[in-house]
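Residue numbers (the working numbering): 103 to 331.
Note that beta-carbon positions come from the ideal geometry of N, C-alpha and C, so glycine has one too.
Note that the structure is predicted; figures quoted are calculated from it, not measured.
Let me begin by presenting the structure, written as structure tokens, before commenting on it.
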Amino acid sequence: MDVEWGYSGERGPANWHTLCDWFAEGAKFPLQSPIALTQSICQTDNSTYQALSIHYQKELFTEKEFKNTIHFVPFDTKSFVVFNKIEYHLTDIHFHMPSEHVIENQRQPLEFHLVHMNAAGENLVLGVLFDLTEDEGKIFNNQPDTIWDFANHLQEFNPVIFLPEKRSHYHYVGSLTTPPTKGPINWFVFDTIGKMKLDFIDLFREDVAENNSRPLQELKERQVDYYGG
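Printed below as a string of structure tokens:
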């Protein structure tokens, strides 16, 4: 189903649920994303928390513009994560500007989402927030084994380049942040703010909707865990 939606006006976030029955059904899930994250709302006992295990490898991607942003889509979905003994394979990498999640009352200029899916069709998303820099930062620096062939829409890289070295993160159950905003989705949002080369993001500015971030949603009665890594 191809339903036009955006981030302002009659087709903006406040009206997504009115655009079609599919979007309306997704919006019924009560624990929507994104949310504001602070350690003050988190569980302090991590003794029973199941840690996330990341198994990424270098693979081939194609880059596409759709759903108001740029997506890097893997050809073979070789990379995966394991949570609660279930494998979720990486199916998509995309970004929002500014960040959708807010950490300790701070919104960042950029947030990448690494979207995964298990055999049952259930999603799991990693969120990584970035500041933008004209100096050295992730992408285009110190990565001799990557290929960025934008003329042919082909890239080859290990998606671990988007992740911080320190893997401390928040975990909560929410929804997709774009229509149909369905849930439940396991979210893992890293609290280390990365640095992204401005030159890299500038390559896509003409194809990315301005302010393509969903507004913060209510926390409600949901559990948020913090894992120190």
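- By the CB criterion at 9 Å, Asp233 and Ile295 fall inside the cutoff.
- The stretch 153–172 makes contact with the stretch 249–261, as at least three CB pairs between them are under 8 Å.
- With fewer than 16 other Cβ atoms inside 10 Å of its own Cβ, Arg307 counts as exposed.
- As summarised for the stretch 120–180, the continuous beta strand (DSSP E) elements at least 3 residues long and confined to that stretch are 155–157, 161–168 and 171–176, given in chain order.
- Across the set Phe292, Ile188, Pro317 and Val204, the C-alpha of Pro317 shows the shortest separation from the C-alpha of Ala116.
- For Leu300, the uninterrupted alpha helix (DSSP H) segment begins and ends at Leu300 to Asp304.
- Boundaries cannot be given for Val310, as no beta strand (DSSP E) includes it and DSSP labels it neither H nor E.
- For His218, the closest alpha carbon among the candidates Ile241, Thr235, Glu236 and Tyr190 is that of Tyr190.
- Sequence-distant Cβ neighbours of Gln210 in its own chain, meaning closer than 7 Å and more than five residues away, are Pro200, Ser201, Leu231, Phe232, Asp233 and Ile295.
- Between the stretch 260–268 and the stretch 309–327, the count of C-beta pairs closer than 8 Å stays below three; the two stretches do not touch.
- Segment contact: the stretch 277–289 against the stretch 297–305, fewer than three CB-CB distances shorter than 8 Å; contact not assigned.
- It is roughly 15 Å from the alpha-carbon of His215 to the alpha-carbon of Tyr274.
- Beta-bridge analysis with DSSP links Met199 to no other residue.
- Note that the C-beta distance between Gln208 and Gln325 is not below 9 Å.
- The shortest C-alpha to C-alpha distance from Thr248 to any of Arg113, Asn186, Tyr109 and Glu161 is the one to Glu161.
- In the DSSP assignment, the residues bridged to Leu228 are Leu216 and Phe290.
- If you look at Trp250, you'll find it in the beta strand (DSSP E) that goes Ile249 to Asp251.
- Excluding its 5 nearest sequence neighbours in each direction, Ile241 has C-beta neighbours in its own chain below 6 Å: Lys299 and Phe302, listed in chain order.
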